[in-house]
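K.L.:
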């Protein structure tokens, strides 16, 4: 039980913003994000003192050092100062903590299920206390703590983990109820990015791994999943349905066109200011009060520049393509397709 504590507090730290305004959590006399951050920092410090600093943590520290120079030309605005402060405190801690705390296969499993559990809290909140994202009837749903994208992302995570767990026989069959609830909430949110990403993740995780589960089980579950998506779609709010169908039909009006304009502004800024415009500077060059271009790559290249931003992105790509845990650990993972 004691070894679950680091997994729970680090997952709670990442997800605190998505749950702290719901139910009794909104009544707490302290900020949940800050509380989990302090607990996570304590867990990281204790692990370093008792086990030492792992080699991978050095790379994290050096990578974040690449993001320091753009601070010198960052926007002196409330948002710019806030972004710098959070980048080198909360964001840095969120990246460093798993590298320090996760040491073996059991840690991997605990963190996966702890994070899925907090995403499940978001899903349950949406089932118990759904809110309309806009005042008009038939608007997509969100909750007190998350917008439609946050709700869709949490539900999509639960859907992927439970779906692959069922396909690989890692969870009991009763877990299909949780998968069904996640699918329903995902469609209720009307969030298209998380929806199509979650579907793609299930397909990749079940069909494109080196060691595949029984194909009959995969086909049967995928058929059940898509049947559930159809049923949930028919129960979704009217404008959630229209957003999904509109995108499938090629309609880019609304948020899609808006994001294209943001991308264009970001690309133009990169060409004009190759060394970046500093953290928080994007809100000063774009329209509609947007503060970031809704794309991490463009945000880094725009604000950190093509030198420091590209180097940081290169490090992310290298870490993503390489093994983040040793072959001995991945072989030990139950039902592991790695």
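Residue numbers (my numbering): 2 to 339. Note that CB positions come from ideal geometry on N, CA and C, so glycine has one too. Computed from a predicted model, the values in this text were never measured in an experiment.
Using a Cβ-Cβ cut-off of 6 Å (strictly less than) and excluding sequence neighbours within five positions of residue 165, which residues of its own chain qualify?
P.N.:
Correct list, in chain order: 206.
K.L.:
Going by the DSSP bridge assignment, what does residue 130 pair with across the sheet?
P.N.:
According to DSSP, residue 130 bridges with nothing at all.
K.L.:
Restricting to Cα atoms, I'd like to know which of 307, 99, 260 is closest to residue 289.
P.N.:
It is 260.
K.L.:
Report the partner residues of residue 143 according to the DSSP bridge assignment.
P.N.:
Bridge partners of residue 143: 132.
K.L.:
Exposed or buried, what is residue 195 when buried is set at 16 or more other beta-carbons lying within 10 Å of its beta-carbon?
P.N.:
Buried is the call here.
K.L.:
If we count the other Cβ atoms within 10 Å of its Cβ and call it buried at 16 or more, is residue 158 buried or exposed?
P.N.:
By the neighbour-count rule (16 or more Cβ atoms within 10 Å), residue 158 is buried.
K.L.:
Exposed or buried, which one is residue 7 when buried takes at least 16 other CB atoms within 10 Å?
P.N.:
With 16 or more Cβ atoms within 10 Å of its Cβ, residue 7 is classed as buried.
K.L.:
Going by CA-CA distance only, name the one from 193, 49, 278 that's closest to residue 78.
P.N.:
Residue 278 is the option with its Cα nearest to residue 78.
K.L.:
Could you have a look at residue 191 and say whether DSSP puts it in helix, strand or coil?
P.N.:
It is coil, neither helix nor strand.
K.L.:
Would DSSP call residue 198 helix, strand or coil?
P.N.:
Looking at residue 198 - three-state DSSP - the assignment turns out to be helix.
K.L.:
Identify which residue in 303, 266, 198, 185 has its Cα closest to the Cα of residue 242.
P.N.:
Checked all of 303, 266, 198, 185; the closest Cα to residue 242 is 185.
K.L.:
Output the boundary residues of the alpha helix (DSSP H) element that contains residue 75.
P.N.:
Looking at the DSSP string, residue 75 is not in any alpha helix (DSSP H), and its letter there is neither H nor E.
K.L.:
Identify whether residue 47 lies in helix, strand or coil by the three-state DSSP scheme.
P.N.:
Looking at residue 47 - three-state DSSP - the assignment turns out to be helix.
K.L.:
Helix, strand or coil for residue 279, going by three-state DSSP, please let me know.
P.N.:
Coil.
K.L.:
Looking at C-alpha atoms only, which residue of 212, 134, 171, 41 is the closest neighbour of residue 192?
P.N.:
That would be 134, whose Cα lies nearest to the Cα of residue 192.
K.L.:
Can the beta-carbon of residue 10 be found closer than 8 Å to that of residue 44?
P.N.:
The answer is yes: Cβ separation under 8 Å.
K.L.:
Three-state secondary structure (DSSP) at residue 16?
P.N.:
The answer is helix: DSSP assigns residue 16 an H, G or I state.
K.L.:
Excluding the 5 residues preceding and the 5 following residue 18 in the sequence, name in chain order all residues of the same chain whose CB lies nearer than 6 Å to its CB.
P.N.:
Only 34 meet the Cβ criterion.
K.L.:
Pull up the distance between the alpha-carbon of residue 219 and that of residue 168, whole angstroms please.
P.N.:
Taking the straight line from one Cα to the other gives about 6 Å.
K.L.:
Should the stretch 58-71 be called in touch with the stretch 92-110, which here means at least 3 C-beta pairs below 8 Å?
P.N.:
The stretch 58-71, when compared against the stretch 92-110, does touch it at the 8 Å Cβ threshold.
K.L.:
If you check the beta carbons only, do residue 239 and residue 203 fall under 8 Å apart?
P.N.:
Contact flag unset, no.
K.L.:
CA-CA distance, residue 115 and residue 12?
P.N.:
Cα to Cα, the separation comes out at about 6 Å.
K.L.:
Does any heavy atom of the ligand NAP sit closer than 7 Å to the C-beta of residue 129?
P.N.:
Inclusion of the ligand NAP in the displayed structure is not the case, the ligand content being empty and no account of it being possible.
K.L.:
So what does DSSP say about residue 274, is it helix, strand or coil?
P.N.:
Three-state DSSP puts residue 274 in coil, outside helix and strand.
K.L.:
Under the three-state reduction of DSSP, which class applies to residue 318: helix, strand or coil?
P.N.:
Three-state result, residue 318: helix.
K.L.:
Give me the Cα-Cα distance between residue 81 and residue 293, rounded to the nearest whole angstrom.
P.N.:
About 11 Å.
K.L.:
State yes or no: is the C-beta of residue 307 within less than 8 Å of the C-beta of residue 271?
P.N.:
Yes, the Cβ-Cβ distance between residue 307 and residue 271 is below 8 Å.
K.L.:
What span of residues does the alpha helix (DSSP H) with residue 227 cover, start to end?
P.N.:
Start and end: 216-236.
K.L.:
Using 10 angstroms around the beta-carbon of residue 120, count the other beta-carbons present and answer buried if the total reaches 16, otherwise exposed.
P.N.:
The residue is buried, with at least 16 neighbouring Cβ atoms inside 10 Å.
K.L.:
Applying the 10 Å Cβ sphere with the 16-neighbour rule, what's the burial state of residue 130?
P.N.:
By the neighbour-count rule (16 or more Cβ atoms within 10 Å), residue 130 is not buried but exposed.
K.L.:
Suppose the cutoff is 8 Å on Cβ atoms and the five residues either side in sequence are ignored; what does the same chain contact list for residue 178 look like?
P.N.:
For residue 178, where only same-chain residues beyond five positions count, there are no Cβ hits under 8 Å.
K.L.:
Pull up the distance between the alpha-carbon of residue 71 and that of residue 305, whole angstroms please.
P.N.:
Approximately 5 Å, taken between the alpha carbons.
K.L.:
Helix, strand or coil for residue 5 per DSSP?
P.N.:
Here residue 5 sits in helix by DSSP.
K.L.:
With a threshold of 6 Å on Cβ separation, who are the neighbours of residue 156 within its own chain once the five nearest residues in sequence on each side are excluded?
P.N.:
Cβ neighbours of residue 156 beyond the five flanking positions: 124, 183, 186, 187.
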